[in-house]
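*Asks:* Numbering of the sequence shown is given in our numbering, commencing with residue 1 and proceeding in unit increments.
Glycine is no exception: its CB is placed at the ideal position from the N, C-alpha and C atoms.
Model, not experiment: these values are computed from the prediction.
Here it is, the structure, as structure tokens.
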Amino acid sequence: MTRPVALALGSNQGARARALAAARREIARRLGEPVAVSRLYETDPLGGPPGQGRYLNQVVLLESAAPPEALLAAALAVEAGLGRARGERWGPRTIDIDLLLCGGEEREGAALSLPHPRLHERAFVLAPLAEVLPEWRHPRLGRTARDLLAACDRRGVRVWNGGRSPGGDGAGQRE
């Protein structure tokens, strides 16, 4: 049985919109076509070294029956295929893909926690998530994505250049 799966994409190095477009193509190839893709959001970096560039963020919504471990492995493979080098925590990156949620599934572990443990605190994730899955309810907090966003500090989070190209995928935007 399928359930909604949300992946957060982010990039703050190089051609950010192109990196997100390449990640979306690889996700579609490995996991299936998305059922929804949010607009692009430009956001201030959270933590990490001073002076790093602003992020472009986006959420991709899929329907999948794949186990969370397989989804995470696919996300990590997409990152590696696009040249992600893991370095400093919260440091700059060409591409970052996080598994945010698998329906209402809950789990906590060293390699994988669902929903993402800081999802409810981060406007840069909640804004695009609330756009594609506004009524998703956080299994521990009992609040919808829309409600969590309303309670979150949204300073430094804005739709980027309208967020979408005429084709609707954000890939036609210029950096």
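Between which two residues does the alpha helix (DSSP H) carrying D153 extend?
*Replies:* Segment: none, D153 is in no alpha helix (DSSP H) and carries neither H nor E.
*Asks:* Going by C-alpha to C-alpha distance, which of H116, A6, M1, E79 sits closest to A36?
*Replies:* A6
*Asks:* Would you report the Cα separation of A73 and F124, rounded to the nearest angstrom?
*Replies:* 23 Å
*Asks:* When the Cα atoms are used, what is the spatial distance from A45 to L20?
*Replies:* Reading off the sequence shown, one finds Pro at residue 45, where the question assumed Ala. Note on geometry: alpha-carbon atoms of P45 and L20 lie some 17 Å from one another.
*Asks:* Are there 16 or more other CB atoms within 10 angstroms of the CB of A135, so buried, or fewer, so exposed?
*Replies:* Reading the sequence as shown, one finds Glu at residue 135 and not Ala. Counting Cβ neighbours within 10 Å, E135 comes out exposed, since fewer than 16 surround it.
*Asks:* How many angstroms separate the CA atom of V78 from the CA atom of R30?
*Replies:* 9 Å
*Asks:* Which partner residues does V159 have in the DSSP bridge list?
*Replies:* Y41
*Asks:* Return the chain-ordered list of same chain residues with a C-beta closer than 7 Å to the C-beta of H138, the five sequence neighbours on each side being excluded.
*Replies:* Short of 7 Å from the beta carbon of H138, and not among the five residues preceding or following it, lie these beta carbons of its own chain, in chain order: P115, H120, L148.
*Asks:* Residue ranges of each alpha helix (DSSP H) run of no fewer than 4 residues wholly in the segment 77 to 147, ordered along the chain?
*Replies:* 123 to 132
*Asks:* Name the residue from R18, T2, G51, R154 whose alpha carbon lies nearest to the alpha carbon of L61.
*Replies:* Nearest of R18, T2, G51, R154 to L61, Cα basis: T2.
*Asks:* Which residue comes first and which comes last in the alpha helix (DSSP H) that contains R54?
*Replies:* Per DSSP, R54 belongs to no alpha helix (DSSP H) and is neither H nor E.
*Asks:* Which residue's Cα is closest to the Cα of C152: V159, G109, L126?
*Replies:* L126
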